[in-house]
Amino acid sequence: MRSVPDLIRAQHDAILQLWSEQAGRAASAKGLSAPALHNVLPRYLLSLADLTEEARPHRRKLLETHLATRIRQGFLLPEITEEILLLGTCIADACRSLSKEDRPDASEMRSVLAELHDAVATVGDLYTRHLLDDAQAEKAFLRRIQEIADDARGTEEDGTAPLLERLGEVLGVVTEAVAADSGAVLLVDERQGRAAFTVGASSGALSVPRGPLPADLAPLVELIARHADTTFRVNEISAASTSADWRAVVGPFMAAHLPSEGPPVALLCVSRAGEPFSVRETRRLEAIAALLTVLLENAHLFTALRRRVAELEAERGIREQFVSVLAHDIRSPLAAAKMTAASVLRRRGPTAEGRVVTALSRVVTGLDRADRMIVDLLDANRIRAGHMLQLPLAPCDLAEIVHDAFTELTALHGDRFRLEGERSVAGIWNADALKRVALNLGTNAAKYGEPGTPVIFSLARTVAGARMSVHNAGAPIRPDKLATLFEPFARARGPGQVRQHGWGLGLTLVKGAAEALGGSVSVESAQGPGTTFHVDLPLDARPQQRPSRDKPSG
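Plus 1 on top of the position in the sequence shown (first one is 1) and you've got my numbering.
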């Protein structure tokens, strides 16, 4: 009777030949040469002749090597375990080919088959761990590509290269991720249409000059772009290309569409000498391609957005410059007319007719009002551009300023204005700016409040400084208007109120003046109580004015 170890040593080549015939029919094994298919299996078969505990580490080492090779070749776990179990079947067939007298003892065969079942369990455990490690490795590669994109986007304002200029770094990560020798990223040239490609980055045997794709590469690239599958794999591309550069690529080649569906944004190509790309490497390239698709589309959108923002900024700059120049040009003839009218008033004789004096006074008053409107427009323009108003500061009394504003408000809107609270609130502010705040808030309250009801100004000292409140009765401001209330050209109309004349700059100027004095403005508006604007100010505005270098307003 022959022992199993003797049988394995004597029938080694025959068992291996039988195994090769059956294992070679598996889908993953097709196209592998005999050495690639056998891998370390001949040595593993010999190791089964020694089932001692001392030989166990050697067998495990052979299993680990075999598994790593099979994973690179694209085998799945069921295929790997099946070929291990098939080895036991082939050993059993070799036993059955012997005469009964020469066949090994059945207990020895059970030991070999048990060892093979243990090997299957070991392979399953190793394969699971490999999948976890592989998933972690894939995440690491994706994270590195994401970091390159984030860094490119984050530093674009400093003039460093955006993502499209750093595709070489991305390509280095891609070739490392799939163990490729060379690669290329082919971008769609949108200026020439969807069919035109340009080389974004390339390396190794796939290198071609930067810029538009050479004409002799166009047939190959269009073949890949039209391919139905997301990932296009061939072992030889020399027949498809006449390029001297790409003709040198004689190993496995793989290209992925970016995106996987719809018109391509780019193609991602890799190549290497040696073994074909495995199924797992193909899937990893597809995962990278999916991320790169998003990053490239984001880069295009971000670049387009920045271009549009720059255009809008330039347009806004021109508009603001135009408003400033126009306002200053208008102020010059107004100032001349005002000076002339005032001079005539000063020189009038005792015989001057009353109607002439009245007319000249109206001219001066009208020119004053037009000048204030232009100053308002200039200041609103500064506020809209993000500049703080520069105001000369001096000690003043908020109560006196409000009383002074009442004179003009009463002339325009009637005797509706009342002052409550503190009779004197002193601070270091700008009297003209606060008078403008009182005028604008009082005018708004009179225009939008319930007709015939009083407009109440209230002054109070607070822990932080001083507060001026302006209240009017009537319909509240709509909630959807509150968010944009202080923006230029906005108007605070309540339900059913008619559109009022004006530029809608009053509240913008109120907010700008309050902030220039270190304060803030807020509003409360509800059905029943009505609407109240609050202007909170520190008692000393000098700390707020010192840091700014803006030119004074006016």
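Glycine included, each C-beta is placed from N, C-alpha and C at the ideal position.
- The segment 64-75 and the segment 120-132 touch, with no fewer than 3 CB-CB distances between them shorter than 8 Å.
- Fewer than three beta-carbon pairs drawn from the segment 85-98 and the segment 132-147 are found closer than 8 Å, and the two stretches are therefore not classed as touching.
- Shown here, S204 sits in a strand according to DSSP, grouped into three states.
- For the set A484, V438, Y449, L483, the Cα lying nearest the Cα of M469 is the one of V438.
- Following the DSSP letters along the chain, one finds G169 inside the alpha helix (DSSP H) bounded by residues 168-178.
- Between A517 and the set A432, Y449, A461, the nearest pair of CA atoms involves A432.
- The shortest C-alpha to C-alpha distance from R3 to any of R26, V524, M110 is the one to M110.
- Selection A395, R424, F76 evaluated against V124 yields F76 as nearest (Cα-Cα).
- For V5, the secondary structure class from DSSP, reduced to helix, strand or coil, is helix.
- R167 has its alpha-carbon roughly 10 Å from the corresponding atom of I146.
- Here I149 is near V171, since their CB atoms are less than 7 Å apart.
- Restricting attention to E525, Q528, F487, the CA atom closest to the CA of V511 is found in F487.
- Per DSSP, the unbroken beta strand (DSSP E) holding G428 starts and ends at 427-430.
- Residue pairing by DSSP places M469 opposite L460, V536 in a beta bridge.
- Contact between A290 and L269 is confirmed by a C-beta separation of about 5 Å, below the 8 Å threshold.
- Of the candidates S48, L538, F142, A474, the residue whose Cα lies closest to the Cα of A178 is F142.
- Shown here for E276: same chain residues with a beta carbon closer than 8 Å to its own, the five before and five after excluded, namely A37, R73, Q74, P253 in chain order.
- Closest by C-alpha distance to S183, out of L207, G169, L49, is L207.
- A direct Cα-to-Cα measurement between K436 and I402 gives close to 6 Å.
- Put simply, of P260, L17, E84, V200 the residue whose alpha carbon is nearest the alpha carbon of L47 is L17.
- I85 and A185 have their alpha carbons spaced roughly 39 Å apart.
- When the beta-carbon positions are compared, A50 and R10 come within less than 7 Å of each other.
- Here the alpha carbon of A35 sits roughly 21 Å from the alpha carbon of L78.
- In chain order, P477 place their CB closer than 7 Å to the CB of A527, counting only its own chain and leaving out the 5 sequence neighbours on each side.
- The beta carbon of A153 sits closer than 6 Å to the beta carbons of P163, L164, R167 from its chain, once the five residues preceding and following it are set aside; these are given in chain order.
- If the five residues before and after S523 are omitted, its C-beta is found closer than 6 Å to the C-beta atoms of H535, all from its own chain and listed in chain order.
- Within the same chain, A95, C96, P105 come within 7 Å of L8 by CB-CB distance, once the 5 residues on both sides are set aside.
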